[in-house]
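To start, the structure itself, in structure tokens.
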Amino acid sequence: MKKNIFKVLVGLVFLVAFNVLFFFLGGTERTTTEWISYGFIHFAYLCILLTPLFCKKKKGRTVLNASLYLRALIYFIIALIAGIAFIACNPEEILWPTIVQAVIATTFLIMQLMSVTANEVTDESLERQSKEKVYIQELASNMREAMQSAQDSEVRKKLRGVYEVLNNASTGSCPEAEEIELQLAANVNALCMNAPGFSSSQIDNSILTIKETLRKRNAIINKSRFS
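For the sequence shown, numbering that gives the first Met the number 0 gives the first residue as 0, with consecutive numbering after it.
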């Protein structure tokens with residue numbers, strides 16, 4: 000709570016300082032050009048204050064969030080310089096001050112919204128990759144537990160081979176591989192649960208099925224990547 004209050008107070012420092020100088024130096028009787036510049040400067044600063052709303056506190060988002068802050072800061076600095084310049088010159092015609100500030104603001108908003116959209120796509124991609132990685136890791140983890148609990152050294156050796164194959168498998172995926180991945184998970188879990196009661200030939204057949212299913216999965220994923 001105290002941290003949020005502190006952020007609000009820090010955010011108000013510029014607004015207070017700018018408004019004190021603006022009205023102290025020129026009073027309240029201002030031209031339209033000055034009010035236009037005044038408004039755009041405040042809008043630019045508001046964009047900085049609103050940037051956290053588009054930033055997500057997630058691992059791997061530091062660079063993405065920093066780019067939004069940097070762009071908002073650059074826009075504010077440009078808008079501030081242009082606004083002060085127009086206030087100082089105070090032209091009677093309001094067309095150019097309005098056009099310049101509007102172009103700067105529009106350019107910023109377009110770029111910022113494009114970045115927000117791109118960040119959302121990146122988030123979805125990272126989340127999907129995380130789920131895909133967890134899927135393979137869980138299968139490998141289950142096989143490792145089955146391997147470690149196996150009493151027979153020969154069975155343990157065979158299960159270790161399956162574990163290594165799963166552990167080195169690609170973590171990427173695609174919608175086309177969803178069905179066969181479910182099949183792979185069922186085959187792996189079946190072997191993990193039934194290995195103690197399986198005969199040597201049953202274990203061999205189960206391992207061959209898992210490796211063949213994994214091969215088909217990888218082929219589908221590779222085909223999806225290059226299609």
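Using N, Cα and C, we set each Cβ at its ideal position, and we do this for glycine too.
In angstroms with no decimal places, state the Cα-to-Cα distance between residue i and residue j.
i       : j       : result
Ser-199 : Glu-211 : 18 Å
Ile-93  : Glu-123 : 45 Å
Gly-38  : Pro-90  : 16 Å
Phe-107 : Lys-222 : 40 Å
Asp-203 : Arg-155 : 12 Å
Thr-61  : Thr-121 : 13 Å
Using only alpha-carbon positions, find the residue among the options that is nearest to residue i.
i       : options                          : result
Glu-177 : Ile-135, Phe-53, Leu-20, Glu-153 : Ile-135
Asn-118 : Ile-98, Asn-64, Ile-73, Asn-18   : Asn-64
Val-102 : Ala-43, Leu-8, Phe-17, Leu-11    : Ala-43
Asn-271 : Leu-213, Phe-85, Thr-30, Ile-86  : With the chain covering only 0 through 226, there is no way to say anything about residue 271.
Gly-82  : Thr-50, Ile-40, Val-115          : Ile-40
Met-192 : Asn-141, Gly-171, Asp-151        : Asn-141
Phe-17  : Phe-197, Ile-80, Gln-150         : Ile-80
Is the separation between the beta-carbon of residue i and that of residue j shorter than 8 Å?
i       : j       : result
Ser-169 : Asn-186 : no
Gln-100 : Ile-47  : no
Leu-52  : Ser-114 : no
Leu-165 : Ala-194 : no
Ile-219 : Glu-153 : no
Pro-96  : Thr-27  : no
Ala-78  : Leu-138 : no
In chain order, what residues of the same chain lie with their CB nearer than 7 Å to the CB of residue i, ignoring the 5 residues before and after it?
i       : result
Arg-143 : Tyr-162
Met-110 : Arg-70
Buried or exposed for residue i, going by 16 or more other Cβ atoms inside 10 Å?
i       : result
Phe-23  : exposed
Arg-216 : buried
Met-146 : buried
Glu-180 : buried
Ala-71  : buried
Ile-209 : buried
Ile-86  : buried
Ser-148 : exposed
Leu-190 : buried
Closer than 8 Å by C-beta to residue i: which residues in its own chain qualify, once you throw out the five before and the five after it? Chain order, please.
i       : result
Gly-160 : Ile-206
Thr-50  : Leu-67, Tyr-68, Ala-71
Ala-104 : Phe-39, Phe-42, Ala-43, Tyr-74, Ala-78
For residue i, I'd like the list of residues in its chain whose CB is within less than 6 Å of its CB, leaving aside the five on either flank, ordered along the chain.
i       : result
Phe-75  : Ala-43, Tyr-44, Ile-47
Cys-173 : Ile-220, Ser-223
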